[in-house]
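Note sheet for the following structure.
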Amino acid sequence: MTNKLQGRVAIVTGASSGNGRAIALALAAQGASILCSDLKPTALAGGYEVDIDTPTHEAIRKSGGKAEYFQADASKTQDVERLVANCVSAYGRLDIMVNNAGVFTGLHNILDETEDQYDFTMNVNAKGVWLGSKYAIKQMVTQEPVEGGGRGRIINIASIGGLVGLALEPAYCASKGAVVNLTRQLAIDFAPQLINVNAVCPGFLATAMVRSFLEDKDTKDALESLTPWPRLGTPEDVAKAVTFLASDDSAWITGSNLTVDGAFTAR
Ligand SMILES: NC(=O)c1ccc[n+]([C@@H]2O[C@H](COP(=O)([O-])OP(=O)(O)OC[C@H]3O[C@@H](n4cnc5c(N)ncnc54)[C@H](O)[C@@H]3O)[C@@H](O)[C@H]2O)c1
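Numbering (this note's numbering), first residue to last: 11 to 277.
Printed below as a string of structure tokens:
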């Protein structure tokens, strides 16, 4: 365990599975205390986590880190407000808010996508990030800046689908496009208060969310051929980028949407 984030406090939404779990583990490995938040503490059944039966907060504690679990629906105002309040009462402050919780309802064009699928996707992926940012920033502006850093850091998990169109993912791309530009907008409003707001835009990674893609040989081959780097990404690739954006090494980086995609969007 190293200590780039020693004494810092982080919330990770969607922390029970996939990217959120890898992010929570990576921030904890750098010394941060983590409030792991999700709809339930156990990972989604379709995930690739090696220790899938151990909830994230327990895995962190087993490695000697500090973590708690707090149940919250990232798309519900009261839940998010309570999540931040609980963090402050447990740890005294909130340094790092990772808005990671997200959903994907499968491949279909707009003619086949239902209004319910659109509302569900936008509520979790776009409104959830808006809510997480709102209540985190409300707390962060009341805090004194930390030595060598600022008042707090927001890190949103967007997607390459927020930067380019992905076939058959209309609502998902719309929701991630909203996250990408909300990230830039908030960075401008809260730079004077020393609050960094950045996003990570991952390419395709092996998590429960995309298991159906990876199990279908043609789809997997297509994803691999669209990704110039000779392998697909992992949640750990995303977690390393988030750890950098959470640390004082990125003190003057704000308003950025960092691709972690093996050059998928570089073409
Ligand atoms: N897997 C990929 O290829 C990929 C690529 C780009 C971006 N992303 C993004 O990464 C983030 C994490 O996705 P993942 O791949 O780890 O997916 P996942 O499905 O493996 O995990 C998502 C987690 O979020 C939780 N969650 C869902 N709705 C929630 C809600 N309303 N409130 C709280 N928690 C909720 C789930 O319970 C689950 O634990 C998402 O924002 C996703 O869009 C994933």
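Ideal placement from N, C-alpha and C gives every residue a C-beta, glycine not left out.
| Item | Value |
| --- | --- |
| Contacts around G265, its chain only, beta-carbon distance under 6 Å, and the 5 residues preceding and following it disregarded | R194, A197 |
| Paired residues, beta bridge with M107 - DSSP | I21, I164 |
| Cβ-based neighbour list, A188, same chain, cut-off 7 Å, excluding 5 preceding and 5 following | A136 |
| Proximity of K72 and Q40 at Cβ, strictly below 7 Å | no |
| Stretch-stretch touch, CB-based, cutoff 8 Å, three pairs: the segment 225 to 233 with the segment 173 to 191 | no |
| P212 - partner residues in DSSP beta bridges | V270 |
| Run of the beta strand (DSSP E) containing D48, from where it starts to where it stops | 43 to 48 |
| Enclosing alpha helix (DSSP H) for F200 [first to last residue] | 180 to 200 |
| Beta-carbon proximity check, H67 vs C46, cutoff 7 Å | yes |
| Cβ-based neighbour list, E59, same chain, cut-off 8 Å, excluding 5 preceding and 5 following | S27, G28, R31, A53 |
| beta-carbon G187 near ligand 1 non-hydrogen atom, thresh 6 Å | no |
| Proximity of L204 and G158 at Cβ, strictly below 7 Å | no |
| Beta-carbon proximity check, D61 vs A25, cutoff 7 Å | no |
| Counterpart residues of I205 in DSSP-defined beta bridges | G162 |
| heavy atom of ligand 1 below 6 Å from F80 C-beta | no |
| N-terminal and C-terminal residue of the alpha helix (DSSP H) that Y101 is part of | 87 to 101 |
| Residues that Y58 bridges to, as DSSP identifies them | Answer by DSSP bridge pairing: none, since Y58 is not bridged. |
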